[in-house]
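Last residue of the sequence shown? That's 246 in this note's numbering, and every number before it is there in order.
These notes are about the structure you will find just below.
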Amino acid sequence: MTRPTPRKSSLAGSSPVTPPQPAAQADPAPAASVPAAPATATRVAVPKPVDGKKKYPHKVSFYQDPEDTARVRGAILYTMTTEGNRNLSQFVNRAVMAEVERLEAKYNNGEPFPSVGAREMPQGGAAAAGSED
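The following block contains the structure:
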């Protein structure tokens, strides 16, 4: 049994330094309907927001019992289509902000509380003293 002859690659003899010239098309009509790509790739600088906000939200982490975490994930997975939560972050953000709005309505006449920086909150043992364990 003889082996078939190997096919010649269309990239044989090409170089990334000197790219091959495009071959002339026999039918120019389809090429006219497709928008031409730019000759050179340029990086488009994304303007930074004027108000100083980051592109992505700030990451916040917290401790939670594994059983509770599993329940949260289950609730998200089984209600994705009906409730519209796409992921854990979106679910947690909506739940936390609903609670913040409830507290603001109850204790601050519906007005937002003054902002507090991350390191301005009690840390370590002081924070654990008020936990609901």
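In this text, a Cβ means the ideal position worked out from N, Cα and C, and glycines have one as well.
Proximity to residue i [Cα-Cα], best of the options
i, options, result
"residue 201", "125, 235, 120 and 172", "172"
"residue 182", "213, 193, 205 and 198", "205"
"residue 231", "194, 218, 130 and 175", "175"
"residue 177", "186, 127 and 170", "186"
"residue 264", "188, 237, 121 and 203", "Nothing about residue 264 can be reported from this structure: the residues present for the chain run from 114 to 246 only."
Environment of residue i [buried if 16+ CB atoms lie within 10 Å]
i, result
"residue 198", "buried"
"residue 196", "exposed"
"residue 147", "Here the model assigns residue 147 a pLDDT of 42, short of 50, so the residue's position is not dependable and the matter cannot be decided."
Residue i and residue j closer than 8 Å at C-beta
i, j, result
"residue 225", "residue 217", "yes"
| At what residue ranges does the segment 192-232 contain a whole run of the alpha helix (DSSP H), taking only runs of 4 or more? | 201-220
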